[in-house]
Amino acid sequence: MSLQTPRVLPSHLHAFHPSSSGGGPRPSTQTVRLLGTVTALRGETATITCGNHGDVTLLLKPDSHLQMGKLVEVVGKVTELDGGQVSWRIFEHVQHRKQGRKKSLTWTYFLQGLGLRVLGSIDWGNPANCDYKIYEYVVDATHRHKEIFYDAGY
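Using the UniProt record's numbering, the first residue of the sequence shown is number 1, and each one after it goes up by one.
Below is the structure:
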């Protein structure tokens, strides 16, 4: 059997954490795939922004070669991080009748400080050349129809 690496969004990370306890069956793997744009590089860590789904902190391998602004698919193990975060940017556009102004609000939620310990990464190039919505559909399909994509252990 090969290593199963389900594609996920940041909101799925908690389900793949080793100490996850949701009351129901949990995936037997904690290794996942995540697509995002590299938005920060800080020594042994990086941050990727996953479309409109938020940011994920990565613990890099010494031989990791991520580049700022590039779209990457990361294969990694879900891990708890000191100060790690997953954040969502929720934009609320309010149209004022007289002024015609819009305002944006951003909220950040901290979820157990989860992130990924990078096992490998694939450079997908320029984020402008990728429709992230398609990736969201693929993630949804693979989670909805697990029996097609994964062995029974998932």
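Built from N, CA and C at the ideal position, the CB exists for glycine as well.
Candidates the options: closest to residue i by CA position
i      : options                          : result
LEU71  : ILE48, VAL8 and VAL56            : ILE48
ASP52  : ALA141, GLY120, ASP82 and TYR132 : This sequence places Asn at residue 52; Asp is not what is there. Minimum Cα distance to ASN52 is reached at TYR132.
THR31  : ASP140, ARG7, GLY76 and PHE149   : GLY76
ASP82  : THR142, LEU9, TYR135 and LEU59   : LEU59
ALA15  : GLU73, ILE122, LEU114 and ILE134 : LEU114
SER121 : THR142, VAL74, HIS65 and CYS130  : VAL74
ILE134 : CYS50, ASP63, ASP123 and PRO62   : CYS50
Alpha carbon of residue i to alpha carbon of residue j, nearest angstrom
i      : j      : result
LEU105 : SER11  : Confidence at LEU105 is low in this model, with a pLDDT of 49, below 50, so its placement is unreliable and the value that follows should be read with caution. If I take the Cα positions, the gap works out to 20 Å.
PRO18  : LEU34  : 17 Å
VAL4   : LEU119 : It is Gln, not Val, that sits at residue 4 in the sequence shown. Near 13 Å, if we compare the C-alpha coordinates of LEU119 and GLN4.
GLU147 : ARG7   : 14 Å
TYR150 : GLY43  : 35 Å
GLN67  : ARG144 : 33 Å
VAL139 : LEU9   : 7 Å
GLY69  : VAL56  : 15 Å
GLN112 : GLY54  : Because the pLDDT of GLN112 is 48, which lies under 50, any placement of that residue in the model is unreliable, and the number read from its coordinates should be weighed accordingly. Whole-angstrom Cα-Cα distance: 15 Å.
HIS65  : ALA141 : 30 Å
GLY125 : LEU13  : 24 Å
PRO62  : ALA46  : 12 Å
CYS130 : GLU136 : 12 Å
Rounded Cβ spacing between residue i and residue j (contact assumed at less than 8 Å)
i     : j      : result
THR79 : LEU41  : Actually they do not touch by this definition, with Cβ atoms about 19 Å apart.
THR37 : PRO127 : 5 Å
Identity of the residues DSSP links to residue i by a beta bridge
i      : result
SER121 : VAL74
ASP140 : ASP140 pairs with nothing; no bridge assigned.
ILE48  : VAL38 and VAL56
ARG115 : Sequence check: residue 115 is Gly here, not Arg. Paired residue(s): THR57 and THR79.
THR5   : According to DSSP, THR5 bridges with nothing at all.
Min CB distance residue i to chain C below 9 Å
i     : result
PRO18 : Although the question refers to chain C, the structure presented lacks it and comprises just one protein chain.
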